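Numbering of the sequence shown is given in the numbering used here, commencing with residue 29 and proceeding in unit increments.
Ideal placement from N, C-alpha and C gives every residue a C-beta, glycine not left out.
Here the structure is a predicted model, which means the values were calculated and not measured.
These notes concern the structure reproduced below.
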Amino acid sequence: MQIEVVKSKIHRVKVTGADLNYIGSITIDEDLMDAANIIRGEKVQIVNNNNGERLETYAIPGPRGTGEVTLNGAAARKVSVGDVLILITYAWMGVKEAKEFNPALVFPDENTNLLN
């Protein structure tokens, strides 16, 4: 049996941009992606603490050390700059592996989105 578990979480980052005219995705500072073990193109669940919206898209790396978190395309309508988000990825694994697995949990600076 396979179950889906949390693989990584970036907790409480602020939206730095919303680009309706971009094709789609979420742009995330590549330092944050590395710390959370998120790869380019990986599906990301986005939870908006300000308005309760939940959506899924895919990650693309943004410039390192900038704290960038930009929602692109239609997802830009679901956020406002300054909203606080939780970004979550999931992975399928066997029950035994899941019991031993430790997700990557990242808690960046809430004002800058940078790693502490």
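Cβ-Cβ distance between residue i and residue j below 8 Å
i: Lys42; j: Gly110; result: yes
i: Val72; j: Ile54; result: yes
i: Ile56; j: Val97; result: yes
i: Lys35; j: Pro131; result: yes
i: Gly93; j: Asp59; result: yes
Which of helix, strand or coil DSSP assigns to residue i
i: Val97; result: strand
i: Asp47; result: strand
i: Val161; result: Nothing can be reported for residue 161: it is not among the residues displayed for the chain, which extend from 29 to 144.
i: Ala87; result: strand
i: Ala146; result: No answer is possible for residue 146: the residues shown for the chain start at 29 and end at 144.
i: Glu32; result: strand
i: Arg82; result: strand
i: Asp111; result: coil
i: Arg105; result: helix
7 Å CB neighbourhood of residue i in its chain, flanking five on each side removed
i: Asp47; result: Thr98, Asn100 and Ala104
i: Val123; result: Met29 and Ile31
i: Gly95; result: Thr44, Asp57, Thr140, Asn141 and Leu142
i: Tyr50; result: Asn100 and Gly101
Burial state of residue i, where buried means 16 or more other Cβ atoms lie within 10 Å
i: Ile116; result: buried
i: Ile67; result: exposed
Sequence-distant residues of its chain with Cβ nearer than 6 Å to residue i (five each side left out)
i: Asn77; result: Val112
i: Glu138; result: Arg40
i: Ala64; result: Ser36, Ile38, Ala132 and Val134
i: Trp120; result: Gln30 and Glu32
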